[in-house]
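A.B. asks:
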Amino acid sequence: MGSLFDVIANVILFYPRNDMKLKHHIAKLSELEWFRNLHEDPKYTSLIWSNRKIKKYILTSANMEPLIKSEKMQKEFVHLVQDEYKKRRQEFFYFSYLAKQMVQ
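Oh and the sequence shown: position 69 is 71 in this note's numbering, straight run, nothing missing.
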């Protein structure tokens, strides 16, 4: 059931209109130094464009003004990106470990 939800959520998030909106919001945020530094970091660039939680956060229009104006919201967003990066790394190492176990 969870995987069906993931498929539906990904279809909605990859809807062309949302893709254009995501590009627009990222372009707007890229005018800000704090976001530009985060986005230009190779660890986070693809994560910002592909992670469902991060994309949903950026796509939510109500989050845009606070992200632009509120230092607190900016810090929360940076923490979200960093936390999602850590999760991705943990999953990668876990699956790498499992793959090695299967080979042996």
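Backbone N, C-alpha and C define an ideal beta-carbon position, used for all residues, glycine too.
1. Residue ranges of each alpha helix (DSSP H) run of no fewer than 4 residues wholly in the region 40–99, ordered along the chain?
2. Three-state secondary structure (DSSP) at glutamate 35?
3. Can you give the Cα-Cα distance for histidine 27 and tyrosine 87, rounded to whole angstroms?
4. Check whether the Cβ atoms of tyrosine 59 and leucine 40 lie closer than 9 Å to each other.
5. Rounded to a whole number of angstroms, what is the C-alpha to C-alpha distance between serine 72 and glutamine 92?
6. For lysine 57, count neighbouring C-beta atoms within 10 Å of its own C-beta (all shown protein chains included) and say buried if the count is 16 or more, exposed if not.
7. Near threonine 47, which residues of its chain fall below 7 Å by C-beta distance, leaving aside the five closest residues on each side in sequence?
8. Taking the C-alpha atoms as reference points, what is the distance between lysine 23 and serine 63?
9. Rounded to the nearest angstrom, what separates glutamate 78 and asparagine 53 at their Cα positions?
C.D. replies: Let me spell this out:
1. Entirely contained in the region 40–99, the alpha helix (DSSP H) runs reaching 4 residues are, in chain order, 47–52, 54–61 and 63–71.
2. helix
3. Annotation: histidine 27 to tyrosine 87 spans about 21 Å, alpha carbon to alpha carbon.
4. Taking 9 Å as the Cβ cut-off, tyrosine 59 and leucine 40 do not qualify as a contacting pair.
5. 30 Å
6. buried
7. His41
8. 9 Å
9. 16 Å
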